[in-house]
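Numbering (our numbering), first residue to last: 419 to 661.
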Amino acid sequence: MSEPVVQFSRVSKQFGQLSVLRGIDLAIPKGQFLGLAGVNGAGKTTLVKCLLDFCDIDGGAIRIHGIDRRRPASRARLAFLPERFTPPYFLTGREFVRSMLRLARRPYEEDAVRAAFADLDLDPAALAKPVRAYSKGMTQKLGLAACFLSRREFYVLDEPMSGLDPKARARVKAILARLRGEGRTLLFTSHSLADIEEICDHMLLLHRGVFAFSGAPAELREHHGGTSLEEAFLNCIEVPYDG
Ligand SMILES: Nc1ncnc2c1ncn2[C@@H]1O[C@H](COP(=O)(O)OP(=O)(O)O)[C@@H](O)[C@H]1O
Ligand SMILES: [Mg+2]
419 MSEPVVQFSR VSKQFGQLSV LRGIDLAIPK GQFLGLAGVN GAGKTTLVKC LLDFCDIDGG
479 AIRIHGIDRR RPASRARLAF LPERFTPPYF LTGREFVRSM LRLARRPYEE DAVRAAFADL
539 DLDPAALAKP VRAYSKGMTQ KLGLAACFLS RREFYVLDEP MSGLDPKARA RVKAILARLR
599 GEGRTLLFTS HSLADIEEIC DHMLLLHRGV FAFSGAPAEL REHHGGTSLE EAFLNCIEVP
659 YDG
């Protein structure tokens, strides 16, 4: 087996008295599409921030492609979209994409950029507009377009569907299916179990600092009953389901 793309070894993270991650072990193999689920405040974003060295950890170790997360080289092969994506307000869409592509060491090709915008149902005319004039949905699409244009091996997307209308969500799913076919790797956080079931082959359910479930989304239903994935989720975290 090749080295995992991501490896967490007994990772813990606290905010004051609050233990958000309690000795987490995790390995994401190359080519896996992993959905990280959990209620609001479960620690999904914290796990992503620990992965990308945006915060310290209190115990354990994290490696990306075998490189310690504290070394910038560990992030050279990934693209990241944060939960609250806010591009610098003074840039146009084109300037933003150009600067992101420069960071990714990729050429700016107008046709490819326009195609990526159209793929996400974002009017290429927006390239000339300042991002401060973008709606929330347009801003999210801009961030996704920049990520996908970077052509990285590993995508870390924190709640990427937030603010997107149904058409755009369908477009993102189609793009992700294409990336999956190309053997790329995904870490996708969402509180939408339906999205995780549709997009991911493996699911982790973060609850009270540990993974209450790890397996294929369909297995959650098999193991925890319920007619919907939501019911199975609630059964798994032992919250009574009241309809
Ligand atoms: N910088 C911080 N300082 C203190 N508490 C934090 C900080 N960031 C997150 N938390 C707390 O950690 C918990 C997990 O938050 P978060 O990772 O954002 O959850 P999720 O992404 O699953 O909704 C929450 O209780 C949140 O309030
Ligand atoms: Mg979050």
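Even glycine gets a Cβ: it sits at the ideal position worked out from N, Cα and C.
- Shortest Cα-Cα distance from G599 to any of K585, D619, D613 involves D619.
- Residue burial is scored here from C-beta neighbours: R493 has at least 16 other C-beta atoms within 10 angstroms and is therefore classed as buried.
- Given a length threshold of 4 residues, each whole run of the alpha helix (DSSP H) inside the stretch 444-528 is given here in chain order: 462-469, 511-521.
- Listed in chain order, the non-local C-beta contacts of I475 below 6 Å within the same chain comprise V429, K431, C468, local neighbours out to five positions each way being set aside.
- Secondary structure at L594: helix, using DSSP grouped into helix, strand and coil.
- Setting aside the 5 residues that flank it on each side, G644 is surrounded in the same chain by A650, N653, each with a C-beta closer than 6 Å to its C-beta; the list follows chain order.
- The beta carbon of F508 lies closer than 8 Å to those of P548, R550 in the same chain, with the five residues before and after it left out.
- For the pair L444 and R523, the Cα-to-Cα distance works out to about 30 Å.
- A direct Cα-Cα distance of roughly 42 Å separates F426 from A543.
- Collapsing the DSSP output to three states places R639 in a helix.
- Per DSSP, G627 has no beta bridge partner at all.
- Within the same chain, Cβ atoms closer than 7 Å to the Cβ of G456 are found at K462, L623, L624, H625, the five residues on either side in sequence being excluded.
- With respect to the C-alpha of G511, the residue from D529, I485, A564 having the closest C-alpha is A564.
- M579 and K559 have their C-alpha atoms roughly 9 Å apart.
- Residue pairing by DSSP places D576 opposite T607 in a beta bridge.
- For G627, the distance from the CB to the nearest heavy atom of ligand 1 is not below 6 Å.
- Counting C-beta pairs with one atom in each stretch, the stretch 566-584 and the stretch 600-609 have three or more that are closer than 8 Å, which means they touch.
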